[in-house]
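A short write-up of the structure that comes next.
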Amino acid sequence: MPTAVLTDHERTAVQAYLRLLQTVRATLDGPAGAERPPVVPPAALAEAERALAAAGLAGNEESFFQLLHAWCPEP
Numbered sequence: 001m002p003t004a005v006l007t008d009h010e011r012t013a014v015q016a017y018l019r020l021l022q023t024v025r026a027t028l029d030g031p032a033g034a035e036r037p038p039v040v041p042p043a044a045l046a047e048a049e050r051a052l053a054a055a056g057l058a059g060n061e062e063s064f065f066q067l068l069h070a071w072c073p074e075p
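In structure tokens:
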């Protein structure tokens, strides 16, 4: 598989998306029955939205997921 070279905006978008995903996972992986904060903190969502917009992405297109996979392939 060829390696994708990300632009600065694309790299920032991928990193913000991954931070958002990690935040959601950490919230959902908490102890059963524990009081949980909102799943998506507004600041984390806003950061991801700004980064995606700066890269000209919506976050749901195939090209974005290709960038995401190139940056952080599954084991």
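Taking full-length UniProt numbering, the leading residue of the sequence shown gets 1, the next gets one more, and so forth.
No residue lacks a Cβ here, since even glycine has one placed at the ideal position from N, Cα and C.
Given the structure is predicted, the values throughout are model-derived calculations rather than measurements.
How long is the line joining the alpha carbons of residue i and residue j, rounded to whole angstroms?
| i | j | result |
| --- | --- | --- |
| residue 42 | residue 14 | 18 Å |
| residue 5 | residue 63 | 13 Å |
| residue 68 | residue 61 | 11 Å |
| residue 7 | residue 35 | 40 Å |
Starting from residue i, trace the alpha helix (DSSP H) both ways and give me its first and last residue.
| i | result |
| --- | --- |
| residue 42 | 42 to 54 |
| residue 5 | Counting along the chain, residue 5 falls outside any alpha helix (DSSP H), and DSSP gives it neither H nor E. |
| residue 70 | 62 to 71 |
Is the beta carbon of residue j closer than 7 Å to that of residue i?
| i | j | result |
| --- | --- | --- |
| residue 20 | residue 44 | yes |
| residue 47 | residue 26 | no |
Which same chain residues end up closer than 6 Å to residue i when comparing Cβ atoms and leaving out the 5 residues on each side of it in sequence?
| i | result |
| --- | --- |
| residue 52 | 13 and 59 |
| residue 32 | none |
For residue i, which residues from the same chain have a beta carbon less than 8 Å from its beta carbon, with the 5 sequence-adjacent residues on both sides left out?
| i | result |
| --- | --- |
| residue 9 | 51, 54, 55 and 56 |
| residue 11 | 71 |
Whose C-beta lies closer than 7 Å to the C-beta of residue i among residues of the same chain, with five residues either side of it excluded?
| i | result |
| --- | --- |
| residue 72 | 18 |
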